[in-house]
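A.B. asks: The structure that follows is given in the form of structure tokens.
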Amino acid sequence: MSAKSRPVIVIYLAFFALIMCAPLILDPFWLNRIAKYLVFGMLGVAVALSWGYAGILNLGQGLFFGAGAYMLAMSLKLASPTSLQQGSDKPVPDFMLWNAEPGSPTELCCINKASFLWLPFQHQWFGVVMGLVLPVAIATIIGIIVFRKRISGVFVSIITLALVLLVRLVVIDAQPVTNGFNGLTDLAWFKIGEFEFDPYIVPTYYFVAIALCMVLAAARLLIETRAGLILQAIRDDQNRARYLGFDVPLYQTFFFAVSAGIAGLAGMFYVVVSEFASPTFMDLTFSITMVVWAAVGGRSSILGACIGAIVINMISATVSETAGFAEAWKVIIGLIFVLVVLYMPRGLAGLAHDLLDRFLARQKSASQRAVSASDASQLAE
Amino acid sequence: MSQIALTIDGLGVDFGGFKAVNGVSLTVEDGELRVLLGANGAGKTTLMDLISGKTSSTEGRVFLHDIDITNWEEHKIARAGVGRKFQIPSVFKELTVRRNLEVATCRNPGVLANLRFGFSKQAEQDVDRVLDLIGLTDEASRLAAYLSHGQTQWLELGLLITQNPKVILLDEPTAGMTQAETHKTSQIVNSLKGKHTLIVVEHDMAFVREIAERITVLHLGQVLAEGNVEQIETDPKVRAAYLGSKGIG
Chain A
1 MSAKSRPVIV IYLAFFALIM CAPLILDPFW LNRIAKYLVF GMLGVAVALS WGYAGILNLG
61 QGLFFGAGAY MLAMSLKLAS PTSLQQGSDK PVPDFMLWNA EPGSPTELCC INKASFLWLP
121 FQHQWFGVVM GLVLPVAIAT IIGIIVFRKR ISGVFVSIIT LALVLLVRLV VIDAQPVTNG
181 FNGLTDLAWF KIGEFEFDPY IVPTYYFVAI ALCMVLAAAR LLIETRAGLI LQAIRDDQNR
241 ARYLGFDVPL YQTFFFAVSA GIAGLAGMFY VVVSEFASPT FMDLTFSITM VVWAAVGGRS
301 SILGACIGAI VINMISATVS ETAGFAEAWK VIIGLIFVLV VLYMPRGLAG LAHDLLDRFL
361 ARQKSASQRA VSASDASQLA E
Chain X
1001 MSQIALTIDG LGVDFGGFKA VNGVSLTVED GELRVLLGAN GAGKTTLMDL ISGKTSSTEG
1061 RVFLHDIDIT NWEEHKIARA GVGRKFQIPS VFKELTVRRN LEVATCRNPG VLANLRFGFS
1121 KQAEQDVDRV LDLIGLTDEA SRLAAYLSHG QTQWLELGLL ITQNPKVILL DEPTAGMTQA
1181 ETHKTSQIVN SLKGKHTLIV VEHDMAFVRE IAERITVLHL GQVLAEGNVE QIETDPKVRA
1241 AYLGSKGIG
């Protein structure tokens, strides 16, 4: 623990307090919006962990976000009232009927060739578990192949970028099971016990906010462990770490998978607050936008990247809805990004760290002066 | 008679017809400091690559004590007890000097075993001792990126000392150093004698004289001569290899 750890804890707690207080001043519409941005903040954490701490620039984080989102959305789609109104006693998604071949049975097992995949999703918690397991499993497989082969740097970015586009294409193409380009809409509310998480109520906001706080704290603690330190060492010099005896691909795969798990979790929460899942989650622009959030917030800071995501989204929402900027808001966001990269390469978090260092140094010299002054007064006596 | 720490038996590598190292055999005793000499292209660095697993050998074997470590994965060879310093100094630049050394104290290679906070008192003491030895106590909380070239080299030596392997391979530890820095490096290296088995590749003869006990001269991938400093300096074969068969002028 360094001298800086106490101020860092204070900053984290202040952030937690801030997002916990938001419902006091916000109307339901904005509360729902901020809840979405908190979900994006969770994505920022995932990007910071893999880019800032593991040195793996994943340009396909949307793949894991999308995987998490679709898994939960499948469950919520089956729980939706419309799925029960298709003339079968078991739920069947409405779009499957629209796409069904004439004469096929209105049953989830066999309405089309792949619809049986939906069967276990009749349990909401199966979707939840899969929303974590699927991204982690995909990341582990990618990690084992890529990192064992010692592929690094820009090549990992290209591979992840290609993968997210590939999966997006498959999801759009598999219309009978995924509703293709339209995605999954008209979903039921997420339920815990009898409680339904209506996206526009305060408890739903707290559900997301508490989850974000837990993710932040867990990610931060994770990088404070020895494994987190070794991970940063690997980021700085893979070879050196390897010759100190560390199994480098194992570390990279582990943290890549953790980052994917966080992204998957974010995907699920996004479905809870936005009530849809769509292939746009796997658009290239979305994955790159996440990287921009982290860059602006500070990629080597878990909290920085999270705040970056929230702040950029708030700015773009406000700017894009201001009449004068309605046409130009993307230019403004782009300009902010360019300025940050040029003048604050470590992002907002880097700026905060510098200010904190200066503050600590001043405090230290002040206390030294106080000590020497008291020494002097003792001498005078 | 002391034990043999490292045995190299007929080691060689064939790079598509070119044999950078060709049937090298040598044994290094426990606690010995062995210097590898040789002109450019003699195969010194390649030999280190073969021992540490960076390059797979095509013939021969390497034993660490009695364990056959030939062509193991690098991190396994490192775990077995072979540490290596690179020609181009490599440290963890975005971590502080102290954190660099703390990384090297982690004895367990796995991820899950390292999911814990802080370091043992023993580890912290080791780090303090090494910081003192490499003379970077005052720089402990600086980022490694801000160290001078010489300090970076010492920090990498410090990583090796903290790692505490049986055999340490040093590839040109004084490259790019001033005379004063070279001298300090030789003191650090000398302090390791006896505790570790060292193999050092070096060109700087002043440095070699300060540290060397036995020298092995490589030439065109083969062992040309072996002996102490005096024997090597007067060996006619070595003179011929370095200066051409007719000597200078």
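Quick note, the sequences are listed as chains A and X, same order. Residues 1 to 381 (this note's numbering) are what the first sequence spells out, left to right. Residues 1001 to 1249 (this note's numbering) are what the second sequence spells out, left to right. Idealized CB from N, CA, C, for every residue including glycine.
What does Arg-299 of chain A touch in chain X if you count any residue whose Cβ is under 9 Å from its own?
C.D. replies: As a position in the first sequence, residue 299 of chain A is number 299, starting the count at 1. Simply none; closest approach about 12 Å.
A.B. asks: On the criterion of 16 or more Cβ atoms from any shown chain inside 10 Å, does Pro-120 of chain A qualify as buried, or is it exposed?
C.D. replies: Residue numbering aside, residue 120 of chain A sits at position 120 when the first sequence is read from its first letter. Exposed.
A.B. asks: Counting Cβ pairs, one atom from each stretch, are 3 or more of them under 8 Å apart for the segment 354 to 363 of chain A and the segment 304 to 324 of chain A?
C.D. replies: In short, these stretches do not touch, since the Cβ pair count stays below three.
A.B. asks: Quick one: is Ser-1090 of chain X buried, meaning 16 or more other Cβ sit within 10 Å of its Cβ, or exposed?
C.D. replies: Position 90 of the second sequence, counted from the first residue, corresponds to residue 1090 of chain X. By the 10 Å Cβ count, Ser-1090 of chain X comes out buried.
A.B. asks: Among X:Val-1167, X:Ile-1088, X:Ala-1206 and X:Phe-1117, which one has its Cα closest to the Cα of Trp-1154 of chain X?
C.D. replies: As a first step, residue 1154 of chain X must be located in the second sequence, where it is residue number 154. Out of X:Val-1167, X:Ile-1088, X:Ala-1206 and X:Phe-1117, X:Ile-1088 has the C-alpha closest to the C-alpha of Trp-1154 of chain X.
A.B. asks: Considering only residues of the same chain and omitting the five flanking positions on each side of Ile-1067 of chain X, which have a CB-CB separation below 8 Å?
C.D. replies: Your numbering for residue 1067 of chain X matches position 67 in the second sequence. Here the set comprises Ala-1080.
A.B. asks: Is it buried or exposed, Met-214 of chain A, if we count other Cβ atoms within 10 angstroms and call 16 or more buried?
C.D. replies: Looking up residue 214 of chain A in the first sequence gives position 214. Flag for Met-214 of chain A reads exposed.
A.B. asks: Helix, strand or coil: which one does DSSP assign to Glu-321 of chain A?
C.D. replies: Along the first sequence, read from residue 1 onward, the residue named residue 321 of chain A stands at position 321. Of the three classes helix, strand and coil, the one that applies to Glu-321 of chain A here is helix, per DSSP.
A.B. asks: Assign Glu-196 of chain A to buried or exposed, taking buried as 16 or more other Cβ atoms, counted over all protein chains shown, within 10 Å of its Cβ.
C.D. replies: Within the first sequence, the letter at position 196 stands for residue 196 of chain A. Exposed, since its Cβ has fewer than 16 Cβ neighbours within 10 Å.
A.B. asks: Short of 8 Å Cβ to Cβ, which residues in the segment 238 to 250 of chain A face chain X?
C.D. replies: Those residues of the segment 238 to 250 of chain A that come within reach of chain X (Cβ to Cβ, closer than 8 Å) are Asn-239, Arg-240, Ala-241, Arg-242, Tyr-243, Leu-244, Gly-245, Phe-246, Asp-247, Val-248 and Leu-250.
A.B. asks: Can you list, in chain order, the residues of its chain with a C-beta nearer than 7 Å to that of Gln-382 of chain A? Leave out the 5 residues immediately preceding and following it.
C.D. replies: For residue 382 of chain A there is no data in the structure shown, the boundaries of chain A being 1 and 381.
A.B. asks: State the CB to CB distance for the pair Leu-1147 of chain X and Glu-1139 of chain X, rounded to an integer number of angstroms; the pair is presumed to be in contact (CB under 8 Å).
C.D. replies: For this step, residue 1147 of chain X is matched to residue 147 along the second sequence. For this step, residue 1139 of chain X is matched to residue 139 along the second sequence. The Cβ separation is near 7 Å, so the contact holds.
A.B. asks: Under 9 Å, CB to CB, which of the residues in the segment 140 to 155 of chain A have a partner in chain X?
C.D. replies: Under the 9 Å Cβ criterion, the segment 140 to 155 of chain A contributes no residue.
A.B. asks: Which value, in whole angstroms, describes the spacing of the CA atoms of Val-273 of chain A and Leu-117 of chain A?
C.D. replies: Looking up residue 273 of chain A in the first sequence gives position 273. Looking up residue 117 of chain A in the first sequence gives position 117. Between Val-273 of chain A and Leu-117 of chain A, the C-alpha separation is close to 25 Å.
A.B. asks: According to the Cβ coordinates, are Ile-409 of chain A and Phe-254 of chain A closer than 8 Å?
C.D. replies: There is simply no residue 409 of chain A to check, as chain A begins at 1 and stops at 381 in what is shown.
A.B. asks: Mind checking whether Leu-1198 of chain X and Val-1189 of chain X have CB atoms under 8 Å apart?
C.D. replies: Taking the first residue of the second sequence as 1, we reach residue 1198 of chain X at position 198. Taking the first residue of the second sequence as 1, we reach residue 1189 of chain X at position 189. Yes, these two residues count as a Cβ contact at 8 Å.
A.B. asks: Taking Cβ-Cβ distances below 9 Å as the criterion, which residues of the segment 196 to 228 of chain A are in contact with chain X?
C.D. replies: Hits within the stretch, in order: Leu-221, Leu-222, Glu-224, Thr-225, Arg-226, Ala-227 and Gly-228.
A.B. asks: Under a CB-based cut-off of 8 Å, is Ser-1052 of chain X close to chain A?
C.D. replies: The residue you call residue 1052 of chain X lines up with position 52 of the second sequence. Yes, Ser-1052 of chain X counts as interfacial toward chain A.
A.B. asks: Less than 7 Å between C-beta atoms, sequence neighbours within five positions excluded: which residues of the same chain meet that for Thr-1058 of chain X?
C.D. replies: Taking the second sequence and counting its residues from 1, one reaches residue 1058 of chain X at position 58. These residues qualify, in order along the chain: Gly-1012, Val-1013 and Asp-1014.
A.B. asks: Going along the chain, which residues of its own chain have a beta-carbon closer than 7 Å to the beta-carbon of Leu-348 of chain A, five neighbours each way excluded?
C.D. replies: In the first sequence, counting from the first residue as 1, residue 348 of chain A sits at position 348. Closer than 7 Å at the Cβ level, and outside the excluded window around Leu-348 of chain A, lie Val-296, Gly-297, Gly-298, Gly-304, Ile-307 and Gly-308.
A.B. asks: At what residue ranges does the segment 295 to 372 of chain A contain a whole run of the alpha helix (DSSP H), taking only runs of 4 or more?
C.D. replies: Runs found: 302 to 321 and 329 to 343.
A.B. asks: What does Asp-382 of chain A touch in chain X if you count any residue whose Cβ is under 7 Å from its own?
C.D. replies: Here chain A has residues from 1 to 381 only, and residue 382 of chain A is not among them.
A.B. asks: Please go through the same chain and pick out, in chain order, the residues whose beta-carbon is closer than 8 Å to the beta-carbon of Asn-1071 of chain X, but skip the five residues on each side of it.
C.D. replies: Along the second sequence, read from residue 1 onward, the residue named residue 1071 of chain X stands at position 71. Correct list, in chain order: Gly-1053, Ser-1056 and Ser-1057.
A.B. asks: In terms of residue numbering, what span does the alpha helix (DSSP H) encompassing Ala-1080 of chain X cover?
C.D. replies: Counting from 1 along the second sequence, the entry for residue 1080 of chain X is found at position 80. Segment 1074 to 1080, the alpha helix (DSSP H) holding Ala-1080 of chain X.
A.B. asks: When the cut-off is 8 Å and only beta carbons count, does His-1075 of chain X lie next to chain A?
C.D. replies: Indexing the second sequence from 1 puts residue 1075 of chain X at position 75. Interface residue, yes.
A.B. asks: Is the Cβ-Cβ distance between Thr-1096 of chain X and Leu-1143 of chain X less than 8 Å?
C.D. replies: Here residue 1096 of chain X refers to the residue found at position 96 when the second sequence is read from its first residue. Here residue 1143 of chain X refers to the residue found at position 143 when the second sequence is read from its first residue. Against a cut-off of 8 Å, the Cβ pair of Leu-1143 of chain X and Thr-1096 of chain X comes out as a contact.
A.B. asks: My output table needs one value for Gly-41 of chain A: the three-state DSSP class, helix, strand or coil.
C.D. replies: Within the first sequence, the letter at position 41 stands for residue 41 of chain A. Reduced to three states, the DSSP call for Gly-41 of chain A is helix.
A.B. asks: Quick one: does Glu-1102 of chain X have its CB under 8 Å from some CB of chain A?
C.D. replies: Numbered from 1 along the second sequence, position 102 holds the residue referred to as residue 1102 of chain X. Yes - at least one Cβ of chain A is within 8 Å of the one on Glu-1102 of chain X.
A.B. asks: Under 8 Å, do Leu-1169 of chain X and Ile-1051 of chain X count as touching if we go by C-beta distance?
C.D. replies: Residue 1169 of chain X sits at position 169 when you count from the first residue of the second sequence. Residue 1051 of chain X sits at position 51 when you count from the first residue of the second sequence. The answer is yes: Cβ separation under 8 Å.
A.B. asks: How is Gly-1176 of chain X classed by DSSP in three states: helix, strand or coil?
C.D. replies: Along the second sequence, one-based indexing puts residue 1176 of chain X at 176. Gly-1176 of chain X: coil per DSSP, three-state reduction.
A.B. asks: What are the uninterrupted segments assigned as alpha helix (DSSP H) that are 4 or more residues long and contained completely in the segment 1014 to 1056 of chain X, given in chain order?
C.D. replies: Listed in chain order, the complete alpha helix (DSSP H) runs (minimum 4 residues) inside the segment 1014 to 1056 of chain X are 1044 to 1052.
A.B. asks: Determine, for Pro-1109 of chain X, whether the minimum Cβ-Cβ distance to residues of chain A falls below 8 Å.
C.D. replies: For this step, residue 1109 of chain X is matched to residue 109 along the second sequence. By this cut-off, Pro-1109 of chain X is an interface position.
A.B. asks: Only counting the same chain, and skipping five residues up and downstream in sequence, which positions put a Cβ closer than 6 Å to that of Arg-220 of chain A?
C.D. replies: Taking the first sequence and counting its residues from 1, one reaches residue 220 of chain A at position 220. Closer than 6 Å at the Cβ level, and outside the excluded window around Arg-220 of chain A, lie Ile-302.
A.B. asks: Could you tell me which residues DSSP puts in a beta bridge with Lys-1085 of chain X?
C.D. replies: Stepping through the second sequence from its first residue, residue 1085 of chain X is reached at position 85. Beta-bridge pairing links Lys-1085 of chain X to X:Leu-1170.
A.B. asks: At the level of alpha carbons, what is the spacing between Ile-25 of chain A and Thr-289 of chain A?
C.D. replies: As a working mapping, residue 25 of chain A is identified with position 25 in the first sequence. As a working mapping, residue 289 of chain A is identified with position 289 in the first sequence. The alpha-carbon atoms of Ile-25 of chain A and Thr-289 of chain A are separated by roughly 28 Å.
A.B. asks: Would you mind working out which of X:Thr-1045, X:Val-1103, X:Gly-1110 and X:Asn-1100 sits nearest Lys-1076 of chain X, comparing C-alpha positions?
C.D. replies: If you number the second sequence from 1, residue 1076 of chain X lands on position 76. Residue X:Gly-1110 is the option with its Cα nearest to Lys-1076 of chain X.
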